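Take a look at the structure set out below.
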Amino acid sequence: MTWRWLIAWLLIGIAAMALRLYRLGDQSLWLDEGNSWAMAMQPWTVLLIDLIRPNAAYPLYHVILKGWMSLAGVSEWALRFPSAIAGALSVPLLALAARRAVGDSPQRDAVTIAAALIGVCSPFAIWYAQEAKVYALVLLVSTAILWLTLRAVHEQRAQVWYWLIGLTVLALFIHRLTALLALSASLVWLFSRPRRYTIPIAVGLIVIGLGMIGAMAAGIGSDRAASGASIAADPLTALWLTITRFSLDRWPGDLEWFWLLPWLLLFGLGLIGFASLPQSSRLVIGMMGSVPLVLFGVQLLFTRLYEARYLMIVFPIWLITLAIGVGHTNWRRALAWLMLTGVLTTSALALTQPRFGLFSGDPVKEQYREAIGELMRRVHPDDAVVVHPGYLRSLYDYYASRLSSDPAPQPISFANFWTGETSYTQREWDVERRAALTGYTRSWLLIAPDHARTVDPPRPGDEYGLVGNFWAFSREQRTWPCGIWRLQGVHLFCQEAPEAYITGKIVQPATPGNAVFGEQLTFLGYTLKATTPAGPGIYRAGGNIPLSLFWDVTQPLGEDYSLFIHLCRDCEQPPVAGDDGQPLAGYLPTSTWLPGKPARDDRTVHLPPDLEPGHYQLLIGWYRPTDPTPDGRLPVRGEGALSAGRLWLTTIEVIAGEE
Numbered sequence: 005m006t007w008r009w010l011i012a013w014l015l016i017g018i019a020a021m022a023l024r025l026y027r028l029g030d031q032s033l034w035l036d037e038g039n040s041w042a043m044a045m046q047p048w049t050v051l052l053i054d055l056i057r058p059n060a061a062y063p064l065y066h067v068i069l070k071g072w073m074s075l076a077g078v079s080e081w082a083l084r085f086p087s088a089i090a091g092a093l094s095v096p097l098l099a100l101a102a103r104r105a106v107g108d109s110p111q112r113d114a115v116t117i118a119a120a121l122i123g124v125c126s127p128f129a130i131w132y133a134q135e136a137k138v139y140a141l142v143l144l145v146s147t148a149i150l151w152l153t154l155r156a157v158h159e160q161r162a163q164v165w166y167w168l169i170g171l172t173v174l175a176l177f178i179h180r181l182t183a184l185l186a187l188s189a190s191l192v193w194l195f196s197r198p199r200r201y202t203i204p205i206a207v208g209l210i211v212i213g214l215g216m217i218g219a220m221a222a223g224i225g226s227d228r229a230a231s232g233a234s235i236a237a238d239p240l241t242a243l244w245l246t247i248t249r250f251s252l253d254r255w256p257g258d259l260e261w262f263w264l265l266p267w268l269l270l271f272g273l274g275l276i277g278f279a280s281l282p283q284s285s286r287l288v289i290g291m292m293g294s295v296p297l298v299l300f301g302v303q304l305l306f307t308r309l310y311e312a313r314y315l316m317i318v319f320p321i322w323l324i325t326l327a328i329g330v331g332h333t334n335w336r337r338a339l340a341w342l343m344l345t346g347v348l349t350t351s352a353l354a355l356t357q358p359r360f361g362l363f364s365g366d367p368v369k370e371q372y373r374e375a376i377g378e379l380m381r382r383v384h385p386d387d388a389v390v391v392h393p394g395y396l397r398s399l400y401d402y403y404a405s406r407l408s409s410d411p412a413p414q415p416i417s418f419a420n421f422w423t424g425e426t427s428y429t430q431r432e433w434d435v436e437r438r439a440a441l442t443g444y445t446r447s448w449l450l451i452a453p454d455h456a457r458t459v460d461p462p463r464p465g466d467e468y469g470l471v472g473n474f475w476a477f478s479r480e481q482r483t484w485p486c487g488i489w490r491l492q493g494v495h496l497f498c499q500e501a502p503e504a505y506i507t508g509k510i511v512q513p514a515t516p517g518n519a520v521f522g523e524q525l526t527f528l529g530y531t532l533k534a535t536t537p538a539g540p541g542i543y544r545a546g547g548n549i550p551l552s553l554f555w556d557v558t559q560p561l562g563e564d565y566s567l568f569i570h571l572c573r574d575c576e577q578p579p580v581a582g583d584d585g586q587p588l589a590g591y592l593p594t595s596t597w598l599p600g601k602p603a604r605d606d607r608t609v610h611l612p613p614d615l616e617p618g619h620y621q622l623l624i625g626w627y628r629p630t631d632p633t634p635d636g637r638l639p640v641r642g643e644g645a646l647s648a649g650r651l652w653l654t655t656i657e658v659i660a661g662e663e
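Using my numbering, you'd call the opening residue of the sequence shown number 5 and step up by one each time.
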């Protein structure tokens with residue numbers, strides 16, 4: 005290998021790594037990534053036992069991730085970095101495999117360059133290289149198996165076959181689906197040269213492959229697959245979906261149809277170019293591409309469970325076929341390079357496409373970080389927090405501990421939906437909900453609608469099922485909504501009741517108050533809640549001050565006022581923290597308040613993580629939203645009244661977040 009090619013391989017690796025590290029930690033972890041973190045947090049003994057459990061799909065990845073987490077931490081960037089490394093390393097291997105596939109063809113350098121360019125820029129490959137899941141590692145090992153198989157049949161050296169056997173055994177611990185690659189490599193070995201009993205052995209291997217697919221279908225179950233979050237697709241539909249995902253990492257309808265034209269034309273040229281490949285290369289590429297694809301298609305006849313990532317084992321074949329397309333001569337070569345330009349251009353467009361592109365700056369993964377962040381800035385220690393479906397728990401645990409210094413409430417989930425989606429009735433839901441929420445005055449629902457509807461199917465015309473509708477229609481439950489946040493893939497609902505759920509207990513302020521704002525707005529008192537073992541009044545930097553304010557009016561108000569809460573050390577200076585807005589996030593405006601029906605407004609003051617420890621004053625006041633200056637504030641009289649329409653509540657102590 006010349007120094008020019010050494011430089012080329014280095015540049016390929018740098019380019020691949022740069023794209024896979026770009027904005028690596030910007031997106032929130034989504035559901036599957038949260039599960040990866042939760043699995044890697046298990047004890048070493050559990051993870052090592054998983055290596056020999058047949059139903060553990062990819063146990064070695066969790067072992068690797070746990071080891072990496074012990075060195076690099078558990079940030080989104082750190083969790084995804086092993087995938088970025090694996091994704092970047094797969095690109096030079098892909099180029100080597102393409103180079104080996106075309107043999108001594110005069111177009112070998114062109115095919116090598118094309119494979120590297122497509123591999124570097126592939127949106128599908130970049131997506132999984134920026135995901136804390138096993139599939140970038142599957143791509144790396146699948147590409148390595150393909151490259152070694154090509155070497156083995158070309159060189160027919162026992163040593164290379166031994167390396168291939170070792171790698172395929174290792175691959176089984178990375179993902180059990182690589183067994184289909186091991187089967188393909190065995191068939192390649194069988195047909196690579198004349199052998200005794202070739203046909204009977206081949207039939208036996210195919211039967212083994214069908215047995216693998218049968219075990220997979222039995223483990224999935226057709227009913228669960230049809231109602232699950234995965235796409236239900238027949239083999240032909242799956243083939244078209246695979247082409248669109250392998251090309252631009254999109255579903256049909258998420259892009260302009262003509263973006264696929266250069267990919268399809270270049271793929272067609274690649275198929276035509278197979279005729280000029282060495283016979284051994286045709287055997288390897290044909291066998292390792294078709295056998296897993298056909299067997300996966302057989303599985304779809306029974307389960308209808310389609311996920312493009314499950315076909316990552318044949319993705320290198322797709323990329324190499326595209327690269328072979330530039331190996332023509334005459335007018336086909338010019339057409340192929342034009343199509344390659346189109347492939348690279350549409351890749352850039354797909355990566356930056358608004359709403360879908362990983363590099364667009366828009367949220368394209370489920371926004372659990374943002375939703376749980378909103379929750380943790382507002383939650384009280386005695387709130388009920390419901391996660392639905394229950395398997396969102398891993399993401400709740402991951403982000404709740406990272407986004408607040410306070411201990412998070414233990415979440416509630418309703419797992420009975422899993423025991424029979426069609427038989428779980430409204431009556432059963434009512435009984436279970438009442439048992440879970442009795443005694444709470446405020447509750448939160450963190451729901452992923454696309455996942456929830458697979459276990460809690462909504463009725464026609466509904467957005468949610470039984471669980472989601474209970475919180476989405478708070479007024480129908482005779483409660484107040486106190487916030488709705490609809491984010492990418494995940495929604496957050498707040499629901500507050502004037503009295504304790506089921507028991508009907510009326511909530512009273514722990515500290516009575518005696519002040520009047522304006523002429524009609526009466527302050528009845530407040531309750532400070534404890535978030536530390538020291539009790540109410542002592543709070544951690546980076547945590548919350550949970551505060552309930554109690555109000556009444558002497559007569560109906562003609563305006564909707566906003567409340568401010570200020571935390572200050574020198575209260576003649578701007579506050580160091582606070583909260584601002586209408587009661588219950590605008591869902592309980594003051595113009596709707598009636599005399600003799602007290603209103604409770606649960607608020608939270610979120611403390612900056614770097615807030616200096618010490619004693620601070622807590623002040624409140626009302627103002628007209630049209631005039632947020634001190635002149636727009638309502639005057640206050642009574643115990644604790646200060647200048648500029650402010651009422652002093654209490655002195656609190658802030659301690660360091662790590663204490």
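Glycine is no exception: its CB is placed at the ideal position from the N, C-alpha and C atoms.
As the structure is a prediction and not an experimental result, all values here were calculated from the model.
Asked, Found
"DSSP beta-bridge partners of P485", "Q499"
"Separation of R544 from D54, as counted between CA atoms", "39 Å"
"Boundaries of the beta strand (DSSP E) in which N334 is found, first to last residue", "N334 -> not in any beta strand (DSSP E); alpha helix (DSSP H) instead, spanning 334-356."
"Status (buried if at least 16 other CB within 10 Å, exposed otherwise) for R161", "exposed"
"R313, buried or exposed, once every other Cβ within 10 Å from all chains shown has been counted against 16", "buried"
"Helix, strand or coil at H619 [DSSP, three-state]", "strand"
"Contact set for T507: own chain, Cβ-Cβ below 8 Å, skip 5 residues either direction", "T442, G443"
"Residue from A660, P639, I659 whose Cα sits closest to the Cα of L651", "P639"
"Helix, strand or coil at H455 [DSSP, three-state]", "helix"
"Expected contact under 8 Å - CB spacing of P453 and H495 to nearest Å", "6 Å"
"Simplified DSSP assignment, three categories, for A648", "coil"
"Beta-bridge partners of A388, as assigned by DSSP", "S447"
"DSSP state of T667 mapped onto helix, strand, coil", "Absent from the structure is residue 667, since the part of the chain shown begins at 5 and ends at 663."
"Short Cβ contact (8 Å threshold) for W597 with V557", "yes"
"At least three beta-carbon pairs within less than 8 Å, the region 27-44 to the region 93-112", "no"
"Inter-residue spacing [alpha-carbon to alpha-carbon] between R249 and P58", "29 Å"
"DSSP beta-bridge partners of L171", "None; L171 has no bridge partner."
"Through-space distance from R479 to W41, alpha-carbon basis", "38 Å"
"Close Cβ partners of A645 (< 7 Å) along its chain, the five nearest in sequence each way excluded", "A519, L651"
"V609 - DSSP class collapsed to helix/strand/coil", "strand"
"Exposure label - P296; buried when at least 16 CB within 10 Å", "buried"
"Closest by C-alpha distance to A504, when choosing among G361, Q492, Q481", "Q481"
"Run of the beta strand (DSSP E) containing T664, from where it starts to where it stops", "Nothing about residue 664 can be read from this structure; the chain reaches only from 5 to 663."
"Backbone secondary structure at C575 - three-state DSSP", "coil"
"Length-filtered (4 minimum) alpha helix (DSSP H) runs lying within the region 271-340", "283-307, 319-328"
"Three-state secondary structure (DSSP) of W3", "Only positions 5 to 663 of the chain appear in the structure, and residue 3 is not among them; the question remains open."
"Identified DSSP bridge partners for P516", "G529"
"Beta-carbon proximity check, Y65 vs V138, cutoff 8 Å", "yes"
"Cβ-based burial, H619 [other Cβ within 10 Å; buried from 16]", "exposed"
"Length of the line joining the Cα atoms of W244 and A102", "24 Å"
"Three-state secondary structure (DSSP) of S566", "strand"
"At least 3 beta-carbon pairs within less than 8 Å: the region 407-417 vs the region 521-528", "no"
"Beta-carbon proximity list for W322, same chain, < 7 Å, skipping 5 on both sides", "F250"
"Backbone CA spacing between P127 and T350 [nearest angstrom]", "9 Å"
"Three or more C-beta pairs below 8 Å linking the region 327-340 and the region 111-120", "yes"
"Contact belief for R308 with A237 at Cβ below 8 Å, rounded distance in angstroms", "6 Å"
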